[in-house]
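These protein sequence lines are chains A and Y, in that order.
Sequential numbering from 1126 applies to the first sequence in this note's numbering.
Sequential numbering from 3 applies to the second sequence in this note's numbering.
Backbone N, C-alpha and C define an ideal beta-carbon position, used for all residues, glycine too.
Predicted model only: the values in this text are computed from it and were never measured.
Notes follow once the structure below has been shown.
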Amino acid sequence: MSMDRRDFLRIIGLSTVAGGIGGAGLLELRKGTAEAGSAAHGRKKGSGTTLAMVIDVRKLESPDQYKRCIDACHKAHNVPDFGNPKDEIKWIWPDDFEHSFPGAGHEYVAEEVEKKQFLLLCNQCEKPACVRVCPTQATFKRASDGIVMMDYHRCIGCRFCMAACPFGARSFNWRDPRGAANLQNPANLNPKFPTRMKGVVEKCNFCAERLREGLEPACVEACKDTKAIVFGNLDDPKSEVREMLRTHYTIQRKPELGTNPRVFYVIGG
Amino acid sequence: MLDKAIIGGSRKYWTWIGFLLVLAGIGTINYIQQFQYGLGLTGLSRDVTWGFYIAQFTFLVGVAASAVMLVIPYYLHNFKKYGKIVILGEFLAVSAVTMCILFIFVDLGQPMRVMNVVLNPTPGSVMFWDMVVLSGYLTLNIVIGWTTLGAERKGVPAPKWVKPLIYLSIPWAVSIHTVTAFLYAGVPGRHLWLTAIMAARFLASAFAAGPALLIILSMIVRKVSKFDPGKDAIQALGKTVAYAMSANVFFFLLEVFTAFYSGIPSHQHSLVYLFAGLDGYSKLVPWMWSAAILAFVSLFLLIYPGLREKENILSVACVTVFISTWIDKGMGLVVGGFIPNMFERVTEYSPSLPEVLITIGIWAIGFLVLTVLYKVAIAVREEEIA
């Protein structure tokens, strides 16, 4: 049987070489980009466009202000409301410090911060885990400005992206979204944005459809009076977002995971 | 050869087939409802996005891979005692992979678009590779099983081209479970899953659960037909189960050590939820303790040879291994990974009635495939005896 065993070893060897999925990790190392400490925070000299958002929570004071941002977004994107947590779909929503930044707090966090609500949405990560895992490229990062987009017509509804997203930013249409009560009144529908069908994943798209028309994202516009949300090009040193980042201490959600979120928070306190 | 599935079936055989068809029918009716309404018919939510279906899928990939525990000794080490039983392992793999594919299918939100995975091949996605390796493994086992059995029926040696396929099936079996483990072990932020020994754990539990099921099936085959897979073969498989289950429990304890000795809370939360409950939620606690107790009972019965060698005790041990790994690797691993959620809040999950009925329906289809294939294999063997 020694012949057979040799054959077997040869096959094992070949399949290891051919199938080396781990090889991708080695390539990453070879590029010399993996410096300790800089992997997640390495400053980049981008030259194109990378859209980003800075949310200054100090300027969002009343629950009404949050609601305005959320309503503007959900109305602009025909987000269905079923009124129960099981079917819930949301693109932008508030949560407290402890649950927005798990692991970042401690027992003695300033009361002002602890009680504050934070607006949460898709982080439009530079290295999005959702895009990496999608088996059909139904979710993808747009080369022109870094927005993580969804193709609702290609999504097969496997929900791997939802398992992979560390920010809980994605929602699934567990039932026909067009049947939701809030979308029954034609006055509530935005004809400029498609409604979805059941069985597909959706999330914030940084208002790609509004940007195309030269408008700002709906949430940015909704709280324009407070200037609580600043939006712009991260690669442009003169942009308003870069100005905010230069002049304020900002934090990201779960930076340790290396996805490089493009939504930053000024928490004050 | 397939005619043997129909010819010479006893009354019991047809009753069993009828029973499985009824269950499959109930499952299908419920699936049609789910297809029309959407996956909201299940107990899943925004926070727990995979549940009972993916739990079965994960467990059954292991059962499928375990055929290799017969193929290696028989084809690489010339362990002749597996000569009669190896076909049962290959056909079990066919049935298990069939169920895996069905469980993925019923879990899709847009099942009609499933071919998008093939139309837009995405080598960066582990799920794409899972599709590749699972369909490959299904094909390999159908071809190998059918060809070797066909040759045996004619009383001639199996054609030479099958040998390379058999050797290929060995690393391929390892690959299906490794890639399935990578579905979990490669996503950031889910601490229960983010572990380097995930694939090793998967293989260990697979090589315990699969052969355990095979032992039970062999005992049933011996009872309902003239074909006897052999006492020695069953005992040898029992040893495999003993070693694999020991490794499985050991690997799990390694996870517990790392999570609790390091003291990192986020690494502990899921385990705490599973075994003690978190924030007042504890739906899975009785299940997980059942799995743990069954695991230790099985080890006690399997490790001491004097007990394992008694076939009725071995069969009890195999049932405990099967149930224990089914709970642990199914609901425990899949649902546990989603709890707590990305905001460190707890949303619990339990399958809905339609979800359970669809699941039972798919198991019935799997057993239908298994019964038909085993019937053919047994008929060929009985011809030889006659």
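- Task: Grab me the residues of Y:TRP289's own chain with a C-beta within less than 6 Å of its C-beta, minus the 5 sequence neighbours each way, in chain order.
- Result: Answer for Y:TRP289: ILE329, listed in chain order.
- When the Cα atoms are used, what is the spatial distance from Y:GLY11 to Y:ALA388? In a straight line, the C-alpha of Y:GLY11 is about 17 Å away from that of Y:ALA388.
- Item | Own chain, CB closer than 7 Å to Y:PHE209, minus 5 neighbours either side, in chain order | Excluding residues within five positions, the ones whose Cβ falls inside 7 Å are SER68, MET71, THR242, ALA246.
- Task: On a CA-only basis, which of Y:ALA153, Y:VAL164, Y:ARG192, Y:PHE59 is nearest Y:TYR77? Give me that one, please.
- Result: Put simply, of Y:ALA153, Y:VAL164, Y:ARG192, Y:PHE59 the residue whose alpha carbon is nearest the alpha carbon of Y:TYR77 is Y:VAL164.
- C-beta neighbour in chain Y for A:ASP1220, strict 8 Å: For A:ASP1220, the answer is yes, since a Cβ of chain Y falls inside 8 Å of its Cβ.
- Message: Could you compute how far the alpha carbon of Y:LEU136 sits from the alpha carbon of Y:ILE178?
- Response: Looking at the two C-alpha atoms, the distance is approximately 6 Å.
- Message: Counting only beta-carbon separations shorter than 8 Å, does A:GLN1262 have a partner in chain Y?
- Response: Yes, because at least one Cβ of chain Y sits closer than 8 Å to the Cβ of A:GLN1262.
- Message: Going by DSSP, what residue range makes up the alpha helix (DSSP H) through A:LYS1184?
- Response: Careful: A:LYS1184 lies outside any alpha helix (DSSP H) and carries neither H nor E.
- Message: Ignoring anything shorter than 4 residues, give me the alpha helix (DSSP H) runs that lie fully in the region 83-137 of chain Y, in order along the chain.
- Response: Within the region 83-137 of chain Y, the complete alpha helix (DSSP H) runs of at least 4 residues are 88-109, 118-121.
- Task: Quickly, what does DSSP pair Y:TYR33 with across the bridge? List them, please.
- Result: Looking at the DSSP assignment, Y:TYR33 forms no beta bridge with any residue, so it has no partner.
- Item | Residues sharing a beta bridge with Y:PRO75, DSSP | Under DSSP, no beta-bridge partner is assigned to Y:PRO75.
- Item | Residues that Y:THR51 contacts on chain A, provided the C-beta gap is smaller than 8 Å | Among the residues of chain A, those whose CB is under 8 Å from the CB of Y:THR51 are ARG1284, MET1287, ALA1288, PHE1297, following chain order.
- Item | CB contact flag (Y:ARG44, Y:PRO267, <8 Å) | Checking the displayed sequence, the identity of residue 44 of chain Y turns out to be Thr instead of Arg. Not in contact: Y:THR44 and Y:PRO267 (Cβ atoms no closer than 8 Å).
- For Y:GLN58, the first and last residue of its enclosing alpha helix (DSSP H): Note, Y:GLN58: alpha helix (DSSP H), 54-67.
- Item | Where A:TYR1374 sits in the DSSP three-state scheme | Coil.
- Query: What distance in whole Å lies between the Cβ atoms of Y:VAL96 and Y:TYR55, which are believed to be in contact at a cut-off of 8 Å?
  - Reply: Separation of the CB atoms of Y:TYR55 and Y:VAL96 is rounded to 20 Å, and the pair is thereby denied contact status at 8 Å.
- Message: With H, G and I counted as helix, E and B as strand and the rest as coil, what does DSSP make of A:VAL1391?
- Response: The answer is strand: DSSP assigns A:VAL1391 an E or B state.
- Please determine if the region 348-367 of chain Y and the region 195-210 of chain Y are in contact, where contact requires at least 3 C-beta pairs separated by less than 8 Å. As far as the Cβ criterion goes, the region 348-367 of chain Y does not touch the region 195-210 of chain Y, which means the pair count is below three.
- Message: Considering Cα atoms alone, identify which of Y:VAL323, Y:ILE315, Y:SER300, Y:HIS193 is closest to Y:PHE262.
- Response: Checking every option, the nearest Cα to that of Y:PHE262 belongs to Y:HIS193.
- Message: Along the region 1238-1250 of chain A, where does the CB come closer than 7 Å to a CB of chain Y? Name the residues.
- Response: Within the region 1238-1250 of chain A, no residue qualifies.
- Query: Does the distance from the CB of A:LEU1382 to the CB of Y:GLY191 come in under 8 Å?
  - Reply: Yes, they are a contact pair.
- Message: Pull the bridge partners of Y:ALA206 from the DSSP assignment, please.
- Response: Note: Y:ALA206 sits in no beta bridge, so no partner.
- Can the beta-carbon of Y:LEU121 be found closer than 8 Å to that of Y:LEU370? Going by C-beta atoms, Y:LEU121 is not nearer than 8 Å to Y:LEU370.
- Comparing the C-beta of A:ARG1387 with each C-beta of chain Y, is any distance below 8 Å? Taking Cβ atoms only, chain Y never reaches closer than 8 Å to A:ARG1387, which makes this a no.
- Message: Closest to Y:GLU257 by C-alpha separation, out of Y:LYS225, Y:ILE217, Y:ARG203, Y:ALA235, would be which residue?
- Response: Closest by alpha carbon: Y:ARG203.
- Query: Are Y:ILE172 and Y:ILE74 closer than 8 Å when you measure CB to CB?
  - Reply: Yes, the Cβ-Cβ distance between Y:ILE172 and Y:ILE74 is below 8 Å.
- Query: In whole angstroms, what is the alpha-carbon distance linking A:ASN1330 and Y:TRP291?
  - Reply: Whole-angstrom Cα-Cα distance: 43 Å.
- Buried versus exposed call for Y:HIS271 [16 or more other C-beta atoms within 10 Å across all chains shown]: Buried, because 16 or more other Cβ atoms sit within 10 Å of the Cβ of Y:HIS271.
- Please compile the residues from chain A whose C-beta is within a distance smaller than 7 Å of the C-beta of Y:VAL128. Near Y:VAL128 (Cβ distances below 7 Å), the residues of chain A are VAL1258.
- Message: Quick check on DSSP: helix, strand or coil for A:PRO1386?
- Response: DSSP, read as helix, strand or coil, puts A:PRO1386 in coil.
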